[in-house]
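> Every letter in the sequence shown is one number past the one before it in numbering that gives the first Met the number 0, and letter 147, counting from 1, is 146. Note that beta-carbon positions come from the ideal geometry of N, C-alpha and C, so glycine has one too. Below are the C-alpha cells for one structure; questions will follow.
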Amino acid sequence: MKRDEAMDPPRSGMVAIVGRPNVGKSTLFNRMVGQKLSITSAKPQTTRHRISGILTTDASQAVFVDTPGFQVRQGGALNRALNRTVVQALQAVDLVLFVIEAGRFQAADRKVLALLPESVPAILVVNKADQVPEKARMVPFLQAVTGEHAFTAIVPVSARTGRNVAELVRVLVSRLPEQ
C-alpha cells in the first residue's frame, strides 16, 4: 500500500551543489528553486560566492547552496578563495549534490569527489544526460564513477531543459533529515 504524501514526515535541510567548473551547477540551482538567483555563463568562475536559494513544498524545505566550481588547474589568491568557499559549504550541509557532466569524469571531478565528507550523504547528479547519443555508453561510465564513492542515489538530468529535475527534487527531499 502506497503511503499518502500527507502522511510523510516533514523534512528539511541544507543541500550543497558542488562540482568542477562548468558542469551546470548554477543552471541546476536556478531550475530547482524556480527562479534565476545565480548567474549562468559558459565562462568559468562566474559563481564566486555561495548563493543560497530555498525550495519549499507542503512537507519539505531544502536550502540549496550553489558553490563556485572547484579550481584545480590554476593557483592564485582568487582560486584559493573559491576553493575555500566550496570546502566550507561542505562542512555545514545535510546532503550533497555532486554534479558531473554525462560521459566526462575528469581529474578535476575526482579532486572534488575527494572533498566530500563520508558522513554526509551524496547524490550523483549526471547533468547533460540528454547530450549523450549512445545511452549504452553511460553504464560503464556510471560504474567507474560510482566505484569511487558510495552515492545514495544517481539521477541523470538536463538542467538546461529541466528533464528529470523534478525526479531529482523528489529523491533529494527523501534523503533530507526528518523534522
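#1: Based on DSSP bridge pairs, tell me the residues matched to Leu94.
#2: From Glu177 to Pro8, what distance separates their C-alpha atoms?
#3: Near Val144, what residues of its chain come up, given a Cβ to Cβ distance below 6 Å and the 5 sequence neighbours on each side ignored?
#4: Could you check how far apart the C-beta atoms of Val14 and Ala91 are, in whole angstroms? I think they sit under 8 Å.
#5: Between which residues of its own chain and Leu89 is the CB-CB distance below 8 Å, once the five residues before and five after are set aside?
#6: Just reading off the alpha helix (DSSP H) that Asn29 is part of, what are its end residues?
#7: Going by beta-carbon coordinates alone, are Phe28 and Asp57 separated by less than 8 Å?
#8: Determine the direct distance from the alpha carbon of Val164 to that of Val172, and round the result to whole angstroms.
#9: Return the Cβ separation of Asn126 and Val156 in integer angstroms, given the expectation that the two are a contact with Cβ distance under 8 Å.
#10: According to DSSP, is Asp108 part of a helix, a strand, or is it coil?
#11: Identify the continuous alpha helix (DSSP H) that holds Phe140 and give its terminal residues.
#12: Where do the N-terminal and C-terminal ends of the alpha helix (DSSP H) with Val156 fall, by residue?
#13: To the nearest angstrom, how far is it from the Cα of Gly23 to the Cα of Gly33?
#14: Within 10 angstroms of the Cβ of Glu133, are there 16 or more other Cβ atoms? Answer buried if so, exposed if not.
#15: Measure the alpha-carbon distance for Arg174 versus Leu141 and round it to whole angstroms.
#16: Work out the CA separation of Pro20 and Arg159 for me, nearest whole Å.
Based on what the coordinates show:
#1: Val14
#2: 6 Å
#3: Phe104
#4: Incorrect: roughly 11 Å between the Cβ atoms, too far for contact.
#5: Ala15, Val17, Val95, Leu114, Leu115, Pro116, Val119
#6: 24-32
#7: no
#8: 12 Å
#9: 6 Å
#10: helix
#11: 137-145
#12: It is not in any alpha helix (DSSP H) - Val156 carries neither H nor E in the DSSP assignment.
#13: 15 Å
#14: exposed
#15: 21 Å
#16: 16 Å
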